[in-house]
Amino acid sequence: MAGEKPHSPRAEAFRRLRRNKTAVAGLAIIVLFLAMALFAPSLAPHDPLEQSLYAKLKPPVWQRGGSWTHVLGTDDFGRDLLSRLIYGARISMVVGVVSVSIALFFGTLAGSTAGFYGGLLDNAVMRLMDLLLAFPSILLAIVIVAFLGPSLQNAMIAIGVVSIPRYARLVRGSVLEEYAKDYVQAARALGASDARLIFVHILPNCLAPLIVQTTLGFASAILEAAALSFLGLGAQPPTPEWGAMLANGRALILRAWWAVTFPGLMILFSVLGFNLLGDGLRDALDPRLRE
Amino acid sequence: MVSFILRRVLTLIPTVFGISVLVFFMIHLVPGDPAEMMLGERASEQALQELRRELGLDQPLHIQYGRFMSRLLRGDLGRALRTNEKITTEIAERFPATVELSLAAMAFAVTFGMFAGVISATRQYSVFDYSSMLFSLVGVSMPIFWLGLILMIIFSLHLGWLPLSGRLSYNVHIQAITGLHLIDSLLTANWQGFRDALWHIVMPAFTLSTIPMAIIARITRSSMLEVLRQDYIRTAKAKGLPPRLVHYKHALKNALIPIITVIGLQFGILLGGAILTETIFAWPGIGLWLLNAVYARDFNAVQGGTMLIATTFVTINMIVDILYAWINPRIKVS
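Those protein sequence lines, which keep their order, are chains A and B. In this text, residue positions in the first sequence follow this note's numbering: the first is 713, and each later residue adds one. In this text, residue positions in the second sequence follow this note's numbering: the first is 31, and each later residue adds one.
So, in structure tokens, the structure goes:
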């Protein structure tokens, strides 16, 4: 490509990302859900909690008995399904942000100190991480919530804690790799403190795999939170959370297919969006990992 | 090989020890008094005292842990609050159901996953390739508890082909030998029982298989693609061997190692998925049992169940490691 300016690594990665159709599709889906979450009050035609005795179990508009008042129908309390689905986006996005932040913060802290200081500290921290990995993650999350008590807040904590090891291992590996490099030793020779070395010099250079993991982490957080709520261990009724809505729809399975189908589709598409973007980011940020 | 197996088995000891410490401390996550949480607010002070004594909560921490460990080592997990049965007995009764479900799910996942992966790789960029890769992406993003419900709506409620839930019809009896209904009914030539058990297991097993199936399909495709590019494949084709022979005999065999690793890893993950699947299909396994213990706030049973599932999980992972080293001797070095 003659005449083109040389790209910075960041611009190069961005260019690769834009060309990657799966990533763009994933990003589009995520933006859609984010918009839904942000503008829920203006988008939703009804109050998600408003009950109506006269509008119980109305089918979607295209079925006999459906009407434009309730486009996707209503549940057994006469609540508008579409409005609840839209508000559900808020909860799932918050769940994603909170639990990923917990995992990211503690995982990065544990992984970077373990990798940086090595020795006994490294050993102790990583054995603890291995221990957390000795449980199937959904089981550990269920058990943590079982003891803390069922609520959305505790579900977010449980999901966050369960995924700490993924981040810790990743960060530790990257830190070990970067630490050996000359620029770190140069900074050290100039008298940089440990904290400065870790946060200013090393971590920014470990960002690529961390960004990928964070994106994929959103996907699994949303999925796991929905599972916990479905089991009655996360968001409690009448919260319009997709998993909790599914749990309610399960009792209506004979009478109202829509109350089961649509909340599941929302979970599926939001998780798919983050998985697509994560895959695309992996290709764009780290060409070595391309299949 | 023997020393590798020994070393790997020995690493299990600190892991299981660690699990026990973690499981032990879990009861202290309970905000407030666990005994009151278990029995409810209106329980009499006497009943509370009794339960505290039984759980050892009236003792100092190190004595509590000592008691917990010594009971654990004797294989005693205490009694379930709801039934007053031994927890080990209850779990042993339900274990075969979970094993059967996981094995059936794995059979689905391996068969369809590998098939889709091989076809995708041999016809790269074809319609089949694109659609199977799309399916596998959807597969890993799918809430399996939702898929289970959708399958129920379609195959039980609308078409009426498959039973809605459970493991066996109430009027069907299968003599227990291994505890796995499908195998026991075959061994006793109980065809009606076999049919009934098979009809019951299809939907839950398929539901549980989706995520591993998707992952196996992806890894099979990429591993096959790598092998198919190699010279000896071109040589085999140039010799005029039929493509099917080249694909399945020459290529697949050499593409197997990463596939087997992934299959092994998925086995443990099935245990987690089984909790959700068993709940939806009322499948009487340990997942459903554990969840019911959670709902009943039977902390003792939750601890016991968690201990057992986690130990099974790490044991399966260990067996996979050993099998892997046996198939691929290079791994032992690292």
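Glycine included, C-beta positions come from ideal geometry on N, C-alpha and C.
A distance of 8 Å or more separates the beta carbons of residue 127 of chain B and residue 235 of chain B. For a cut-off of 8 Å, the C-beta gap from residue 989 of chain A to residue 738 of chain A is around 3 Å, short enough to register as a contact. Straight across, the Cα-Cα distance linking residue 799 of chain A with residue 867 of chain A is about 19 Å. Listed along the chain, the chain B residues whose CB falls inside 8 Å of the CB of residue 958 of chain A are 173, 175, 176 and 179. Taking the Cβ atoms as the reference, residue 343 of chain B lies roughly 6 Å from residue 848 of chain A, within the contact range of under 8 Å.
The beta carbon of residue 762 of chain A lies closer than 7 Å to those of 791 in the same chain, with the five residues before and after it left out.
Note on geometry: alpha-carbon atoms of residue 232 of chain B and residue 210 of chain B lie some 14 Å from one another. Short of 7 Å from the beta carbon of residue 315 of chain B, and not among the five residues preceding or following it, lie these beta carbons of its own chain, in chain order: 124, 127, 128, 131, 304 and 308. Selection B:292, B:288 and B:258 evaluated against residue 274 of chain B yields B:258 as nearest (Cα-Cα).
When DSSP states are grouped into helix, strand and coil, residue 786 of chain A belongs to the strand group. Assignment of beta strand (DSSP E) within the segment 297-327 of chain B, counting only whole runs of 3 or more residues, yields no such run. The residue from A:846, A:844, A:939 and A:925 with its alpha-carbon nearest to that of residue 804 of chain A is A:939. Bridge partners of residue 109 of chain B according to DSSP: B:116. The beta-carbon separation of residue 993 of chain A and residue 923 of chain A, rounded to 6 Å, stays under the 8 Å limit for a contact. Secondary structure of residue 754 of chain A (DSSP, three-state): helix. Closest in C-alpha terms to residue 864 of chain A, from the list A:892, A:743 and A:944, comes A:944. For residue 175 of chain B, the enclosing alpha helix (DSSP H) covers residues 174-181. Comparing alpha carbon positions, the residue from A:747, A:785, A:935 and A:946 closest to residue 968 of chain A is A:785. When only Cα atoms are considered, residue 224 of chain B and residue 212 of chain B end up about 6 Å apart. Spatial neighbours of residue 226 of chain B in its own chain (CB-CB distance under 7 Å, excluding positions within 5 residues in sequence) are listed in chain order as 198, 199 and 202. The segment 338-354 of chain B makes contact with the segment 278-294 of chain B; the number of CB pairs closer than 8 Å reaches 3 or more. For residue 766 of chain A, there is no enclosing alpha helix (DSSP H), since its DSSP letter is neither H nor E. Of all residues in the segment 298-311 of chain B, those with a C-beta nearer than 7 Å to a C-beta of chain A are 298, 299, 301, 302, 305, 306 and 309, reading in chain order. Between the alpha carbons of residue 334 of chain B and residue 838 of chain A lies a distance of about 25 Å. Excluding residues up to 5 positions away in sequence, 866, 869 and 870 lie with their Cβ nearer than 8 Å to the Cβ of residue 860 of chain A in the same chain.
C-alpha of residue 770 of chain A to C-alpha of residue 853 of chain A: approximately 36 Å in a straight line. At a cut-off of 8 Å between C-beta atoms, residue 849 of chain A counts as an interface residue with respect to chain B. Of the candidates A:783, A:802, A:782 and A:954, the residue whose Cα lies closest to the Cα of residue 980 of chain A is A:954. Under the three-pair Cβ rule at 8 Å, the segment 275-288 of chain B counts as touching the segment 239-254 of chain B. Remark: C-beta atoms of residue 883 of chain A and residue 823 of chain A approach each other more closely than 8 Å. Here residue 221 of chain B has no same chain residue with a Cβ atom under 6 Å from its own Cβ, once five neighbours each way along the sequence are excluded. Cβ contact annotation for residue 962 of chain A (same chain, cutoff 7 Å, sequence separation greater than five): 972, in chain order. Setting aside the 5 residues that flank it on each side, residue 975 of chain A is surrounded in the same chain by 954, 957 and 958, each with a C-beta closer than 6 Å to its C-beta; the list follows chain order.
With contacts defined as CB atoms closer than 8 Å, residue 59 of chain B and residue 814 of chain A fail to qualify as a contacting pair.
Remark: three or more beta-carbon pairs, one from each stretch, lie closer than 8 Å, so the segment 322-338 of chain B and the segment 59-74 of chain B are flagged as touching.
Looking from the CA of residue 306 of chain B, the closest CA among B:296, B:320 and B:295 belongs to B:320.
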